[in-house]
């Protein structure tokens, strides 16, 4: 116990020390220890993969359909997304997000990007994070990148955010005092209860999660993880979660986008 | 918002059995859950789902709380004439929904 | 460890008795599981769980096993949505038409999970859906034929809680 606490304090000190340093970072460099990055489907029963790959059986496609309707102009008074963006033009977008946004001055994810368009181009109020319409739109856009390898830029202006998220990922937290790396790196493939721990990749999101009985965002899934270790939950849309999303996308580099995926 | 997907094969031979797959957006509320305030969420499932094709009812289903949310159905129908195949449903709250697709029959 | 010799317990005798007790207790716990194992796909009269709604529907009619097949994964990824398939081959010329198929749960709060009615005989008895299971249990499918006789199958599914609780 004492050693745990000492380690926790040491890593916390390390995290705090790096927090104020821009550019150069002295945080421990993260290195994943798996030989092959694997989709979450590899860690679940076969019926999950079957459900995901069939566009009728995959309930996430119902949100994609709703997103398609919104894209074409339902529920906006301003020009619809489709007015500027040609059919299929969103292919590749989800495979390179999150990314640094110069206008926003921060790392943004797909939902941020959609809302930026809403506010700046359509002059509409941003859609609430975690709300059904934004979920539907992000599912619609993300699904157009299905099969494309995830590849995000973490250099340049995105670097500090990346470093922060990397430090977060390896830091123990919550009542259970676990870091993301403790389970999803060290113990991927091992069992927790009756489930097999996955590598924790973001490629399936927004995903239809059987536990939620609905489609949810990656932010929601990360909140669920934090709940699992009894740590404080940032809100959906929190910058911390978006930066973590960037780190996870980097960590999953090359894995194909599966959105809308189906997960337990 | 009554969203659904309904899919049949692109073309079917007359007299043959063809597969119908339907996916309906519906919470299939069991009636046993409570909301954040502790109030019970009333039961709301698809008490009646009817599939019609070629003027005939080809399936009548009642899906209760034991069927998963956003229900999926797969069943078989005999191909007769080309025409619409419609699935209509009504839930416990009285809300109706419908999904239609065209069946193209050769021969 | 002190030097005094430990009192020698009559370990053999105690162990045997304890083992018997454990075996009996284990058998009691596992009996339903073993009962299921023999029920799957084996014609005869498997141990059908006592489900009141099912008994009321049966109204004393016999259940025939062996033709109707209920397929559900042995272990569910999540009890909220478990894939389910009901099939029954209809040999040509038998005229055995299915009128209604009902699906019963052993331990859900509501036993009758779904009902599928065929006003017109289907060309193929094959229905797929996804069921919701409140815990490990047996599921029973009953097909009523035009002559009122009942074909049945039952299967067991292991359903566990999610490893990490999700408060979102």
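Chains as they are written, first to last, in this note's numbering: chain A, 1 to 264; chain B, 265 to 371; chain C, 372 to 539. Quick reminder that beta carbons are idealized off the backbone N, C-alpha and C, glycines included.
Rounded to whole angstroms, the Cβ separation of residue 88 (chain A) and residue 215 (chain A) is 22 Å, and the two are not in contact under 8 Å.
Between residue 324 (chain B) and residue 354 (chain B), the CB-CB gap reaches or exceeds 9 Å.
Boundaries of the beta strand (DSSP E) harbouring residue 497 (chain C): 496-502, taken from the DSSP string.
Counting only the Cα atoms, residue 529 (chain C) lies some 33 Å from residue 172 (chain A). Within chain B, the residues 269, 270, 271, 285, 286, 287, 336, 338 have their CB atoms less than 9 Å from the CB of residue 56 (chain A), given in chain order. Within the region 24-94 of chain A, the complete alpha helix (DSSP H) segments at least 4 residues long are 46-53, 60-71, 81-84, listed from N- to C-terminus. In chain order, 477, 478 place their CB closer than 6 Å to the CB of residue 508 (chain C), counting only its own chain and leaving out the 5 sequence neighbours on each side.
For the 9 Å CB-CB criterion, residue 254 (chain A) and residue 184 (chain A) do not form a contact.
For residue 445 (chain C) and residue 239 (chain A), the gap between their C-alpha atoms comes out near 42 Å.
Taking C-alpha positions only, residue 351 (chain B) is separated from residue 31 (chain A) by approximately 52 Å. Using a Cβ-Cβ distance cut-off of 8 Å, the region 282-297 of chain B and the region 314-330 of chain B are in contact, since at least three pairs of beta carbons, one from each stretch, lie closer than that value. Residue C:447 holds the alpha-carbon nearest to the alpha-carbon of residue 48 (chain A) among C:462, C:522, C:447.
The Cβ atoms of residue 286 (chain B) and residue 338 (chain B) sit closer than 9 Å to each other. In terms of CA proximity to residue 305 (chain B), B:357 leads the group B:336, B:340, B:357, B:313. DSSP places residue 247 (chain A) in the uninterrupted alpha helix (DSSP H) bounded by 239-251. Between residue 65 (chain A) and chain B, the shortest Cβ-Cβ separation is below 9 Å.
About 7 Å separates the beta carbon of residue 58 (chain A) from that of residue 208 (chain A), a gap short enough to meet the 8 Å contact definition. Residue 130 (chain A) is positioned such that its CB atom lies closer than 9 Å to that of residue 220 (chain A). Under the rule that a run must span 3 or more residues, the beta strand (DSSP E) segments found entirely inside the region 192-233 of chain A read 207-209, 214-216. Residue state for residue 138 (chain A) is assigned as helix, using DSSP reduced to three classes. When the Cα atoms are used, residue 367 (chain B) and residue 278 (chain B) turn out to be separated by approximately 11 Å. Spatial neighbours of residue 144 (chain A) in its own chain (CB-CB distance under 6 Å, excluding positions within 5 residues in sequence) are listed in chain order as 90, 91. Only 214 from the region 214-234 of chain A bring a Cβ to less than 8 Å from some Cβ of chain B.
Taken atom to atom, the span from the alpha-carbon of residue 237 (chain A) to that of residue 346 (chain B) is near 49 Å.
Scanning chain B for C-beta atoms nearer than 7 Å to the C-beta of residue 206 (chain A) yields nothing, as the closest lies near 14 Å away.
DSSP links residue 527 (chain C) through a beta bridge to C:509. Distance from the Cα of residue 440 (chain C) is smallest, within the candidate group C:519, C:517, C:512, for C:512. Using a Cβ-Cβ cut-off of 9 Å, residue 61 (chain A) counts as an interface residue toward chain B, since at least one Cβ of chain B sits closer than that to its own. Here residue 322 (chain B) is buried. Its C-beta has 16 or more other C-beta atoms within 10 Å.
For residue 211 (chain A) against residue 449 (chain C), the beta-carbon gap comes to about 6 Å, under 8 Å, which counts as contact. Taking a cut-off of 8 Å on C-beta distances, the region 219-234 of chain A does not touch the region 64-83 of chain A, as fewer than three cross pairs fall below it. In the structure shown, the three-state DSSP call for residue 449 (chain C) is coil. Inclusion of residue 101 (chain A) and residue 206 (chain A) in the CB contact set at 9 Å is not warranted, their separation being larger than that value. Every alpha helix (DSSP H) of 4 residues or more that sits fully in the region 123-192 of chain A is shown, in chain order, as 132-143, 159-170, 180-184. Any Cβ of chain A closer than 9 Å to the Cβ of residue 306 (chain B) would place that residue at the interface, and such an atom is absent. Under the DSSP assignment, residue 483 (chain C) falls in the beta strand (DSSP E) whose first and last residues are 483-488.
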